[in-house]
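Beneath this line is the structure, given in structure tokens, with notes to follow.
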Amino acid sequence: MSSGAARRPDGSVRALPAPDLDDHPVSPFLTAPWTSLTSRIAQLGSPRHYARGEHVYTQGQLSSRFHLVVSGRVRIYLHRPDGSERSLAYAEPGASLGEAACVDGRPRHLASVCTRPSEIVSVTRDALLSAAREEPELLLEITRRIAYKQRVMQLHVLIEGLPARERIVLLLGHLVEAYGEIALDEVARLSIRPAVDELGLLVGLTRVTTSRELSRLVAEGLLEKEGRGFVVRDLPDLRRRVHAVLA
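In structure tokens form, the structure reads like this:
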């Protein structure tokens, strides 16, 4: 069955509306503006500096804490039984991680490791609940962050099984809608500059395959290389390609 259909209990199939990328854009590069709520969350815990390559938490770990990224970047990934890994997201400053295990008390189903030197605040469940008695909007904010990650997981489900070209196109579409600095609705420059291997890990491709597909999009005039980053030269064309994948 295609990703755009669902089966009813009686066995018939109904079409599902294609996701609208202009509505609540979702990106596996997790970030959040540093609002007063973010500052309040940061005040609930204690900061710690992590080295590049150091784990914030491991898969299967029990913990009553969640974490807020102040600076740096954290890779969130799944360790598979065959020894392979699948990157699911990168947490940027303002983003949080580990909220679900903190709330439900179950073992962590993912691991996280710093890809850069990072400063991270650790907040206990008790500290959050205590503060939420006076400021219930704190719990609403944590719920919103967990819900956003469910949308990121939906993106990964959508990507699975697609050819390499379509995986890259779909990921670029989401990144542009979430982080694109758009000029005249034609050109978009990403405000983040993910490395090629980071992009590949997010869609289950090797660095070589990811680099090849990006080079093809450059040759076709869709992308332009700019230092470590890319500029989308034809935004309407990218959107057409994304909607063709989702159709």
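Under the UniProt record's numbering, the first residue of the sequence shown carries the number 1, and numbering increases by one thereafter. We put the beta carbon where it would ideally sit given N, CA and C, even for glycine.
Distance check for residue j and residue i, CA to CA, integer angstroms please.
i      : j      : result
Ala247 : Arg239 : 12 Å
Ile142 : Ala100 : 9 Å
Pro28  : Arg241 : 20 Å
Gln59  : Ala111 : 5 Å
Arg65  : Thr124 : 4 Å
Ala195 : Gly83  : 23 Å
Val69  : Leu184 : 33 Å
Glu166 : Val245 : 6 Å
Glu177 : Ile168 : 14 Å
Arg228 : Glu186 : 21 Å
Ser122 : Asp237 : 43 Å
Ala132 : Leu78  : 31 Å
Arg189 : Gly180 : 5 Å
Arg216 : Arg151 : 29 Å
Thr35  : Ile146 : 17 Å
Leu222 : Glu213 : 12 Å
Leu37  : Arg116 : 25 Å
Ala175 : Val218 : The question names Ala, but residue 175 is Leu in the sequence shown. About 17 Å.
Just verifying my parser: in three-state terms, what is the DSSP assignment at residue i?
i      : result
Arg133 : coil
Ile182 : strand
Val196 : helix
Glu224 : strand
Ala188 : strand
His174 : helix
Pro236 : helix
His109 : coil
Thinking C-alpha only, which one of the options is nearest residue i?
i           : options                        : result
Leu129      : Val103, Tyr57, Pro117, Thr115  : Val103
Glu92       : Cys114, His79, Arg80           : Cys114
residue 249 : Glu85, Phe66, Ile192, Thr210   : Outside the displayed range of the chain (1 to 247) lies residue 249, so it cannot be described from this structure.
Tyr50       : Arg207, Ser118, Leu235         : Ser118
Ser96       : Gly105, Glu134, Arg144, Arg228 : Arg144
Arg80       : Ile146, Arg216, Glu54, His109  : His109
Arg52       : Arg75, His243, Arg193, Thr38   : Arg75
His243      : Ser191, Leu158, Glu213         : Leu158
To which residues of the same chain is residue i closer than 7 Å at the C-beta, ignoring the five residues directly before and after it?
i      : result
Ala127 : Leu44, Gly45
Leu62  : Pro107
Please check the pair residue i and residue j, which I expect to be a contact at CB under 8 Å, by giving their CB distance rounded to whole angstroms.
i      : j      : result
Glu220 : Val231 : About 14 Å separates the two Cβ atoms, so there is no contact after all.
Gly173 : Arg86  : Contact doesn't hold; Cβ gap of about 20 Å is too wide.
Leu202 : Leu171 : 6 Å
Pro33  : Gly94  : 6 Å
Arg40  : Leu138 : 7 Å
Gly98  : His55  : Rounded, the Cβ-Cβ distance is 12 Å, inconsistent with contact.
Ile120 : Arg48  : 6 Å
Which residues in the same chain as residue i place their Cβ atom closer than 8 Å to its Cβ, once the five residues preceding and following it in sequence are excluded?
i      : result
Tyr148 : Val26, Leu30
Met153 : Leu88
Thr206 : Gly200
Glu160 : Gly204
Asp197 : Arg207, Thr210
Arg193 : Gly227, Arg228, Gly229
So is the beta-carbon of residue i under 6 Å away from any non-hydrogen atom of the ligand MN?
i      : result
Arg145 : Absence of the ligand MN is noted for the structure shown, with no ligands found whatsoever.
Could one say the Cβ of residue i lies closer than 7 Å to chain D's Cβ atoms, at least one of them?
i      : result
Ala164 : Among the protein chains of the structure shown there is no chain D, as only one such chain exists.
Looking only at its own chain, which residues have a Cβ that is under 6 Å from the Cβ of residue i, when we skip the five neighbours before and after it?
i      : result
Glu135 : none
Leu155 : Val26
Tyr90  : Phe29, Arg73, Arg75
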